[in-house]
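Asks:
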Amino acid sequence: MRKVVCPGSFDPITFGHLDIIARASSIFDEVVVAVLVNRTKKSLFTVEERIAMIREVTTVYPNVVVDSWSGLLVDYCKQNDIPIIVKGLRAITDFDYELQMSQINLQLQGVETLFMSTAPAHSFLSSSIVKEVGSYGGDVSSYVPPLLLERLKTRLALNMNQQS
Ligand SMILES: Nc1ncnc2c1ncn2[C@@H]1O[C@H](COP(=O)(O)OP(=O)(O)OP(=O)(O)O)[C@@H](O)[C@H]1O
Ligand SMILES: [Mg+2]
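Structure (structure tokens):
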């Protein structure tokens, strides 16, 4: 069985993430979406909220499962018998870091990384840009699944209030 992991912070999940997850799910037997807990990165949604949101928008893909992990991704891979990491590549700016990470992961635990090129429509899309645009009241409806829009707007508004 070919099992892969799509890692990220997913704060929140965007159409860019979803596109990679959907395409991976059509190629591999099982896709684990792993929410990586990064203590140095301030997040808008809790890990539990992010997991719930990913589950809601991936129910149409029966071979997608969602999990979280705090620690080295390759340790998660070893522990769960996952030989391959699947990542989306948006632009040349992603490349340097991703190449470095993939080489380290291969050396540390023999875990391979496969890159999928982003759909052109999503090449500029990141969770950060969605949060930035949304926090100024911009329309983010083409960036995140409709199911999550209200939750995102409410949380961003709450955040803005707390900061002011
Ligand atoms: N628009 C996109 N197109 C293709 N892949 C994407 C896109 N956005 C994210 N990804 C993939 O998802 C992985 C996890 O991304 P991450 O959680 O860092 O999302 P992000 O949108 O880059 O968020 P942040 O702005 O917080 O860094 C990335 O390494 C990349 O492989
Ligand atoms: Mg990122």
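Residue numbering for the sequence shown follows our numbering, starting at 2 and increasing by one per position. Idealized CB from N, CA, C, for every residue including glycine.
1. Evaluate the contact criterion for the region 106-116 versus the region 67-82: three or more CB pairs, one atom per stretch, below 8 Å.
2. Can you give me the Cβ contacts of Pro8 inside the same chain, cut-off strictly under 7 Å, excluding the 5 residues immediately before and after it?
3. Is Leu166 a contact residue of ligand 1, with contact defined as CB to any heavy atom under 6 Å?
4. For Leu148 versus Glu57, is the C-beta spacing smaller than 7 Å?
5. For the putative contact between Leu45 and Arg156, defined by C-beta atoms under 8 Å, what is the C-beta separation to the nearest angstrom?
6. Under 6 Å: does the beta carbon of Arg51 sit that close to some heavy atom of ligand 1?
7. Under 6 Å Cβ to Cβ from Gly89, same chain only, skipping five residues before and after it: list those, please.
8. Return the chain-ordered ranges of every alpha helix (DSSP H) run that is complete within the region 85-128 and spans a minimum of 4 residues.
9. Pairing CB atoms from the region 91-107 with CB atoms from the region 21-32, are three or more of them under 8 Å?
10. Could you check if Met54 is buried or exposed, using at least 16 other CB atoms within 10 Å of its CB as the buried criterion?
11. Start and end of the alpha helix (DSSP H) containing Gly9?
12. Does the beta-carbon of Phe29 have 16 or more other beta-carbons within 10 angstroms, so that it is buried, or is it exposed?
13. If you run the structure through DSSP and keep just helix, strand and coil, what is Leu153?
14. What do you reckon, are the CB atoms on Val33 and Val6 nearer than 7 Å?
15. Output the distance between the C-alpha atoms of Met161 and Ser136, rounded to the nearest integer angstrom.
16. Among the residues of its own chain, which have a CB less than 7 Å from the CB of Asp12, if the five just before and after it don't count?
Replies: On the basis of the data shown:
1. yes
2. In the sequence shown, the residue the question calls residue 8 occupies position 7. Residues of the same chain with a CB within less than 7 Å of the CB of Pro8, apart from the 5 flanking positions on each side, are Ala35, Leu37, Leu74, Ile86 in chain order.
3. Examination of residue 166 is not possible in this model, given that the chain is present from 2 through 165 alone.
4. By 1-based counting over the sequence shown, the position of residue 148 is 147. By 1-based counting over the sequence shown, the position of residue 57 is 56. For Leu148 and Glu57, yes; Cβs fall inside 7 Å.
5. Here residue 45 refers to the residue found at position 44 when the sequence shown is read from its first residue. Here residue 156 refers to the residue found at position 155 when the sequence shown is read from its first residue. Going by Cβ atoms, the distance from Leu45 to Arg156 rounds to 6 Å, so yes, they are a contact pair.
6. The residue labelled residue 51 in the question sits at position 50 within the sequence shown. It does not: the Cβ of Arg51 is nowhere closer than 6 Å to a heavy atom of ligand 1.
7. In the sequence shown, residue 89 corresponds to position 88, counting from 1. So the list reads Ile21, Met117, Thr119, once near-sequence residues are dropped.
8. 93-110
9. No: the two stretches stay apart, fewer than three of their Cβ pairs being nearer than 8 Å.
10. As a working note, residue 54 is residue 53 in the sequence shown. Its Cβ being crowded by 16 or more others within 10 Å, Met54 is buried.
11. The residue you call residue 9 lines up with position 8 of the sequence shown. Counting along the chain, Gly9 falls outside any alpha helix (DSSP H), though it belongs to the beta strand (DSSP E) covering 4-9.
12. Within the sequence shown, numbered from 1, the residue matching residue 29 stands at position 28. It counts as buried.
13. Along the sequence shown, one-based indexing puts residue 153 at 152. Helix.
14. Position 32 of the sequence shown holds residue 33. Position 5 of the sequence shown holds residue 6. Yes, the pair counts as a contact, with Cβ atoms nearer than the cut-off.
15. As a first step, residue 161 must be located in the sequence shown, where it is residue number 160. As a first step, residue 136 must be located in the sequence shown, where it is residue number 135. Their Cα atoms are separated by approximately 7 Å.
16. The residue given as residue 12 occupies position 11 in the sequence shown. Excluding sequence neighbours, Asp12 sits near Ser44, Leu45, Phe46, Arg51, Ser128.
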